[in-house]
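Trainee: The structure that follows is given in the form of structure tokens.
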Amino acid sequence: MATECERLGVSVVTGHTARQDVSFPWIGGATAMGVGDPAEIVRPDGATAGDTVLMTHSPGAEVAGLFAALFGDHLDVADDTVERADARLEDTTVVGDACAAASAPVTAMHDATECGIQGALVELATAAGVSISVSSDAVPVPEDVSAVCADLGLDPWQVSSRGTLLVTVPEAHADTAMAALDARNTPVAAIGTVSEGSGVTVDGTQVVHPGSDPAWTVFSALQRDAAARSP
1 MATECERLGV
11 SVVTGHTARQ
21 DVSFPWIGGA
31 TAMGVGDPAE
41 IVRPDGATAG
51 DTVLMTHSPG
61 AEVAGLFAAL
71 FGDHLDVADD
81 TVERADARLE
91 DTTVVGDACA
101 AASAPVTAMH
111 DATECGIQGA
121 LVELATAAGV
131 SISVSSDAVP
141 VPEDVSAVCA
151 DLGLDPWQVS
161 SRGTLLVTVP
171 EAHADTAMAA
181 LDARNTPVAA
191 IGTVSEGSGV
201 TVDGTQVVHP
211 GSDPAWTVFS
221 ALQRDAAARS
231 P
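Each residue of the sequence shown is one higher than the one before, starting from 1 at the first, in UniProt numbering.
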């Protein structure tokens with residue numbers, strides 16, 4: 001990696017090492033950072049009281065898609081449900097959606113990766129020192145995502161959903177941001193509000209950060225089961 005980065009003129013400025021009780025189906029990863037005008041950068045710590053919270057796509061979409069793709073034969077759900085979940089892996093980037101949402105004066109953005117939208121909401125609130133209130137009825141969970149997660153015993157709110165973007169935007173400009181996302185055919189919903197205070201409540205009940213993504217434990221178990229079934 002160092003040799004290739006040197007060839008491309010890329011500076012390696014930091015690293016991250018993690019140990020998980022799984023054998024990953026991929027062998028590496030990287031984060032690339034660009035340089036830009038600080039005034040145009042939307043950080044995850046800018047949520048302000050009075051903002052509306054928007055969410056693209058759905059909770060749990062990435063994990064549902066990944067498990068459907070890798071372990072579809074092990075799932076006790078209909079074949080067409082597995083196929084629909086698998087197809088969600090085509091929507092695991094937030095770049096285009098983030099650029100579209102930024103056509104409005106958004107205050108913060110955060111992708112719902114490890115620990116899902118529940119973790120991401122807590123991170124948004126903590127970073128900005130605000131309170132976020134969410135209505136579960138406003139959070140769409142597609143039938144295929146719900147079915148796959150239920151079969152695996154996973155809460156779609158707590159598992160990685162790469163491609164799902166959380167956005168905070170002043171209430172007066174929420175429609176502008178949503179229209180920009182609609183123009184990309186990106187599913188988007190207004191799921192909550194930002195106020196003074198701290199923490200995250202869902203339907204009036206405070207929730208905490210999951211701490212770790214429960215999908216990894218299930219992934220490990222399925223991987224061992226698949227290996228045991230192999231001839």
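Note that the Cβ used here is the ideal one computed from N, Cα and C, for glycine as well.
Three or more beta-carbon pairs under 8 Å between the stretch 128 to 148 and the stretch 49 to 67, yes or no?
Mentor: The answer is yes - the stretch 49 to 67 touches the stretch 128 to 148, with three or more Cβ pairs under 8 Å.
Trainee: Going by the beta-carbon positions, is the gap between P38 and S161 smaller than 8 Å?
Mentor: On the sequence shown, residue 38 is found 38 positions in, with the first residue counted as 1. On the sequence shown, residue 161 is found 161 positions in, with the first residue counted as 1. No, the pair does not count as a contact, with Cβ atoms beyond the cut-off.
Trainee: Roughly how many whole angstroms lie between the Cα atoms of D73 and A177?
Mentor: As a position in the sequence shown, residue 73 is number 73, starting the count at 1. As a position in the sequence shown, residue 177 is number 177, starting the count at 1. When rounded, the distance between both Cα atoms is 39 Å.
Trainee: Could you check where the alpha helix (DSSP H) with D225 kicks off and where it finishes?
Mentor: Reading the sequence shown from its first residue, position 225 is the one you call residue 225. A215 to R229 is the span of the alpha helix (DSSP H), which, as asked, contains D225.
Trainee: Output yes or no for whether 8 Å exceeds the beta carbon distance between T186 and D97.
Mentor: For this step, residue 186 is matched to residue 186 along the sequence shown. For this step, residue 97 is matched to residue 97 along the sequence shown. Cβ atoms of T186 and D97: closer than 8 Å.
Trainee: Taking DSSP as the reference, what is the three-state secondary structure of L152?
Mentor: For the purposes of this step, residue 152 is taken as the residue at position 152 of the sequence shown. The answer is helix: DSSP assigns L152 an H, G or I state.
Trainee: Assign G119 to one of three DSSP states: helix, strand, or coil.
Mentor: Taking the sequence shown and counting its residues from 1, the one referred to as residue 119 is at position 119. DSSP places G119 in helix when its eight states are reduced to three.
Trainee: In the DSSP output, which residue or residues are listed as bridge partners for T168?
Mentor: As a first step, residue 168 is located in the sequence shown; it is residue number 168 there, counting from the start. DSSP lists V53 and A108 as partners of T168.
Trainee: Looking only at its own chain, which residues have a Cβ that is under 6 Å from the Cβ of V139, when we skip the five neighbours before and after it?
Mentor: Position 139 of the sequence shown, counted from the first residue, corresponds to residue 139. Cβ neighbours of V139 beyond the five flanking positions: I191.
Trainee: So, is M1 buried or exposed, given that buried needs 16 or more other C-beta atoms within 10 angstroms?
Mentor: By 1-based counting over the sequence shown, the position of residue 1 is 1. Result: exposed.
Trainee: Note down the Cα distance separating L166 from E4, rounded to an integer number of angstroms.
Mentor: Your numbering for residue 166 matches position 166 in the sequence shown. Your numbering for residue 4 matches position 4 in the sequence shown. Going by the C-alpha atoms only, they are around 34 Å apart.
Trainee: Check whether the Cβ of V77 sits closer than 7 Å to any heavy atom of the ligand GTP, and report yes or no.
Mentor: Although the ligand GTP was asked about, the structure shown includes no ligands whatsoever.
Trainee: For V94, tell me which candidate among A174, A112, A87 and G199 has the shortest Cα-Cα distance.
Mentor: For the purposes of this step, residue 94 is identified with residue 94 of the sequence shown, where counting begins at 1. Out of A174, A112, A87 and G199, A112 has the C-alpha closest to the C-alpha of V94.
Trainee: If you measure between the beta carbons of D51 and E171, is that distance less than 8 Å?
Mentor: As a first step, residue 51 must be located in the sequence shown, where it is residue number 51. As a first step, residue 171 must be located in the sequence shown, where it is residue number 171. Yes, the Cβ-Cβ distance between D51 and E171 is below 8 Å.
Trainee: S133 and T201: beta carbons closer than 8 Å?
Mentor: Taking the sequence shown and counting its residues from 1, one reaches residue 133 at position 133. Taking the sequence shown and counting its residues from 1, one reaches residue 201 at position 201. Yes. Within cutoff.
Trainee: Straight-line CA distance for A78 to A68?
Mentor: By 1-based counting over the sequence shown, the position of residue 78 is 78. By 1-based counting over the sequence shown, the position of residue 68 is 68. So the alpha carbons of these two residues sit roughly 11 Å apart.
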